[in-house]
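Structure, as structure tokens:
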Amino acid sequence: MSDMGQPGVWITGASSGIGKAAAIEFAKTGAKVFVSSRRESELSKINSEISATKLNVDVYPCNVSSYSNVVQTVKKILVTNQIDCLVNNAGVTSFKTAEQNSIQEIKNIININLLGAIYSIKAVLPYMIERRGGTIINILSVVTHKVFTNSSAYTASKMGLLGYTNSLREEVRKYNIKIINIMPGATSTEMWSPEIKEKNHGRMMKSEEIAKIIAWAYLQKENLITEEILLRPMEGDL
Ligand SMILES: NC(=O)c1ccc[n+]([C@@H]2O[C@H](COP(=O)([O-])OP(=O)(O)OC[C@H]3O[C@@H](n4cnc5c(N)ncnc54)[C@H](OP(=O)(O)O)[C@@H]3O)[C@@H](O)[C@H]2O)c1
């Protein structure tokens with residue numbers, strides 16, 4: 426088992442951007458962090474990047490669009506650890522109109538962003554219910570609050586997960602399981618083209634800033650839940 430008092434945090438999509446920054450932020454708080462994504466080589470780089478800090482994360486490659494892969498990953502983590510917090514962060518988009526999006530692109534977005542998150546929740550939920558506690562943090566998006574074009578499948582995936590987890594939250598309150606939905610606006614990550622990032626340099630939010638809020642939300646130990654957090658660049662949406 427993890428050291429007594431050291432929470433275990435599983436973060437999906439942790440090889441870059443917000444997930445990677447969240448992994449480092451959670452490690453700084455003293456949590457034992459399990460990082461997953463498809464690219465094992467990128468996950469492994471996290472430890473060499475933070476070696477000077479004496480922090481480290483445990484690497485568990487996982488493609489969240491495969492339910493069996495997700496279940497196997499959770500089983501592997503739980504052999505010697507506990508999962509107190511799941512951060513559903515893995516996500517993709519395409520920045521195309523509904524007309525331009527192929528069925529395969531739409532399936533990919535829904536499979537990763539919506540079903541991948543639901544698979545991860547289903548895999549940890551029985552464990553959290555048995556332990557009578559846990560936290561599930563979903564990285565949604567400002568698209569759940571404002572209409573954007575070139576984002577139809579992405580918006581469907583994020584609003585789908587918002588609906589799923591709003592319902593789930595009411596079912597699991599009695600087990601002391603907290604569901605926290607975080608809706609960031611434009612954040613400078615690999616999700617955006619280099620041209621957009623260059624043009625909006627200084628305006629877009631940084632992964633590290635979002636990561637601090639994610640860890641803060643988890644660390645609220647009072648008898649309350651921060652159910653939703655909406656984050657926007659100071660100058661507004663792009
Ligand atoms: N950047 C923004 O402006 C913004 C705004 C609001 C919300 N978000 C959300 O924030 C989350 C993180 O995105 P990001 O902006 O940090 O972009 P990013 O740097 O591209 O990160 C996406 C992460 O998801 C992983 N991933 C993709 N498909 C996966 C799969 N099938 N299984 C497991 N992992 C997978 C990627 O790793 P691999 O390629 O190694 O699998 C990567 O680590 C997403 O859910 C996104 O929708 C981003």
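Note that the sequence shown covers residues 426 to 663 in my numbering.
Where a beta carbon is used, it is the ideal one built from N, C-alpha and C, also for glycine.
Model, not experiment: these values are computed from the prediction.
I449 classed as buried or exposed, judged by whether at least 16 other C-beta atoms fall within 10 angstroms: In the sequence shown, residue 449 corresponds to position 24, counting from 1. Buried, because 16 or more other Cβ atoms sit within 10 Å of the Cβ of I449.
Taking DSSP as the reference, what is the three-state secondary structure of I621? The residue labelled residue 621 in the question sits at position 196 within the sequence shown. If DSSP states are grouped into helix, strand and coil, I621 belongs with the helices.
Cβ pair count under 8 Å reaching 3, the stretch 580-599 against the stretch 452-461: no
Among T580, Y485, T574 and V489, which one has its Cα closest to the Cα of Q663? Here the question's residue 663 lines up with position 238 in the sequence shown. One detail in the question is off: residue 663 reads as Leu in this sequence, not Gln. Ranking the options by Cα distance to L663, first place goes to T574.
Indicate whether V489 and S469 have their beta-carbon atoms separated by less than 8 Å. Within the sequence shown, residue 489 is the residue found at index 64, counting from 1. Within the sequence shown, residue 469 is the residue found at index 44, counting from 1. Cβ distance not < 8 Å, so V489 and S469 don't count as in contact.
Just verifying my parser: in three-state terms, what is the DSSP assignment at F393? Given a span of 426 to 663 for the chain in the structure shown, any question on residue 393 remains unanswerable.
Using CA coordinates, which residue listed in N648, V499 and H570 is at the minimum distance from D509? Walking along the sequence shown from the start, residue 509 turns up at place 84. It is V499.
Opening and closing residue of the alpha helix (DSSP H) in which E660 lies: For this step, residue 660 is matched to residue 235 along the sequence shown. No alpha helix (DSSP H) contains E660, which DSSP labels as neither H nor E.
Any heavy atom of ligand 1 within a distance shorter than 7 Å of the CB on R628? Residue 628 sits at position 203 when you count from the first residue of the sequence shown. Result no, Cβ not under 7 Å from ligand 1.
Whole runs of the alpha helix (DSSP H) within the stretch 482-536, excluding any shorter than 4 residues: 492-505 and 528-534
Based on DSSP bridge pairs, tell me the residues matched to K603. The residue labelled residue 603 in the question sits at position 178 within the sequence shown. Looking at the DSSP assignment, K603 forms a beta bridge with T560.
First and last residue of the alpha helix (DSSP H) that includes G668? For the chain, the structure presents residues 426 to 663; residue 668 sits outside this window and is missing.
With distance defined between alpha-carbon atoms, name the residue in I635, V482 and E524 nearest to S440. As a position in the sequence shown, residue 440 is number 15, starting the count at 1. Cα-wise, what sits closest to S440 is V482.
Let me know the secondary structure DSSP gives P551 once reduced to three states. By one-based count along the sequence shown, residue 551 stands at place 126. Helix, per DSSP.
Give every residue of the same chain whose Cβ lies closer than 8 Å to the Cβ of Q431, excluding the five residues on either side of it in the sequence, and list them in chain order. Taking the sequence shown and counting its residues from 1, one reaches residue 431 at position 6. Once the five neighbours on either side are set aside, the close Cβ partners of Q431 are G455, A456 and K457.
For E633, tell me which candidate among G442, V567, S592 and A642 has the shortest Cα-Cα distance. Position 208 of the sequence shown, counted from the start, is the residue given in the question as residue 633. The option with the nearest alpha carbon to E633 is G442.
Are T651 and I605 touching if we call contact CB-CB under 8 Å? Along the sequence shown, read from residue 1 onward, the residue named residue 651 stands at position 226. Along the sequence shown, read from residue 1 onward, the residue named residue 605 stands at position 180. Taking 8 Å as the Cβ cut-off, T651 and I605 qualify as a contacting pair.
If you measure from the CB of W617, is any heavy atom of ligand 1 nearer than 7 Å? Stepping through the sequence shown from its first residue, residue 617 is reached at position 192. Because some heavy atom of ligand 1 lies under 7 Å away, the Cβ of W617 counts as near it: yes.
Can you tell me whether S566 is buried or exposed, with buried defined as 16 or more other CB within 10 angstroms of its CB? The count along the sequence shown starts at 1 and reaches residue 566 at position 141. So S566 counts as buried.
Does DSSP put G438 in a helix, a strand or coil? Along the sequence shown, one-based indexing puts residue 438 at 13. Correct three-state label for G438: coil.
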